[in-house]
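Residue numbers (our numbering): 1 to 208. Using N, Cα and C, we set each Cβ at its ideal position, and we do this for glycine too. Computed from a predicted structure; not experimentally measured.
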């Protein structure tokens with residue numbers, strides 16, 4: 001069975017990381033020998049850039065500068081972790097990937113094109129996701145959950161209007177790439193109910 005590359009996406013507070021962990025456990029129980037990585041992070045460079053990018057006290061940078069830093073972390077993650085795992089027959093579960101850069105760093109269509117261009121240069125010839133799962137809820141719900149969860153990071157503290165833009169960008173991503181994307185409603189559903197939906201969708205795409 002061919003190894004698969006699954007990407008978990010969504011606004012903060014949607015439970016995507018919890019669901020990524022649950023799918024990882026499910027695949028382990030099935031003998032799939034998956035790896036679970038996060039972005040930015042996992043590699044030494046990725047973790048250093050994560051600390052820099054998510055610092056709540058840092059100055060605001062141009063969105064394209066942020067995008068380039070995320071792609072630097074992505075390049076290392078692809079080459080050090082994702083591509084070797086897929087080549088060895090291991091499924092990959094990635095907590096955030098290029099769709100996050102579309103969602104968080106694109107202010108208009110020109111930024112979407114910019115991100116798509118860098119993606120082609122950095123990602124396309126190495127490994128492409130087999131499926132992208134976007135966990136969705138109202139921006140107000142996301143903002144409330146993050147506020148109740150402790151100190152927000154440098155993106156979480158940008159306010160409700162920013163979260164609305166992020167959600168809109170995720171919706172645009174789905175409109176552009178519906179063939180590989182599942183949007184999961186996380187507004188008022190149990191963790192187990194969502195897990196069952198995700199697991200069923202992943203199972204349905206294993207032979208694609």
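Check whether residue i and residue j have beta carbons under 7 angstroms apart
i, j, result
"residue 173", "residue 99", "yes"
"residue 112", "residue 106", "yes"
"residue 21", "residue 146", "no"
"residue 133", "residue 182", "yes"
"residue 129", "residue 7", "yes"
"residue 209", "residue 127", "Past the boundaries of the shown model lies residue 209; the chain is included only from 1 to 208, so the question cannot be answered."
"residue 142", "residue 163", "yes"
"residue 103", "residue 169", "yes"
"residue 38", "residue 95", "yes"
"residue 180", "residue 131", "yes"
"residue 199", "residue 4", "no"
Residues near residue i by beta carbon distance below 7 angstroms, same chain, minus five either side
i, result
"residue 40", "46, 49, 50, 53, 70 and 73"
"residue 197", "184"
"residue 160", "139, 140 and 143"
Outcome for residue i when other beta-carbon atoms lying within 10 angstroms are tallied against a minimum of 16
i, result
"residue 15", "buried"
"residue 92", "buried"
"residue 62", "exposed"
"residue 55", "exposed"
Rounded separation between residue i and residue j - CA only
i, j, result
"residue 10", "residue 115", "17 angstroms"
"residue 1", "residue 33", "12 angstroms"
"residue 24", "residue 36", "7 angstroms"
"residue 89", "residue 208", "16 angstroms"
"residue 178", "residue 166", "18 angstroms"
"residue 19", "residue 187", "14 angstroms"
"residue 203", "residue 125", "25 angstroms"
"residue 31", "residue 60", "44 angstroms"
"residue 29", "residue 17", "19 angstroms"
"residue 122", "residue 149", "34 angstroms"
One or two residues paired with residue i in a DSSP bridge
i, result
"residue 46", "None; residue 46 has no bridge partner."
"residue 6", "93 and 131"
"residue 126", "Beta-bridge pairing links residue 126 to no other residue."
"residue 36", "93"
"residue 18", "The partner list for residue 18 (beta bridge, DSSP) is empty, contrary to what the question assumes."
"residue 136", "185"
heavy atom of the ligand SAM below 6 angstroms from residue i C-beta
i, result
"residue 78", "Among the ligands in the structure shown, none appear at all, so the ligand SAM cannot be discussed."
Same chain only: Cβ atoms within 8 angstroms of residue i, ignoring 5 sequence neighbours per side
i, result
"residue 43", "73, 76, 77, 80 and 81"
"residue 64", "105, 111 and 114"
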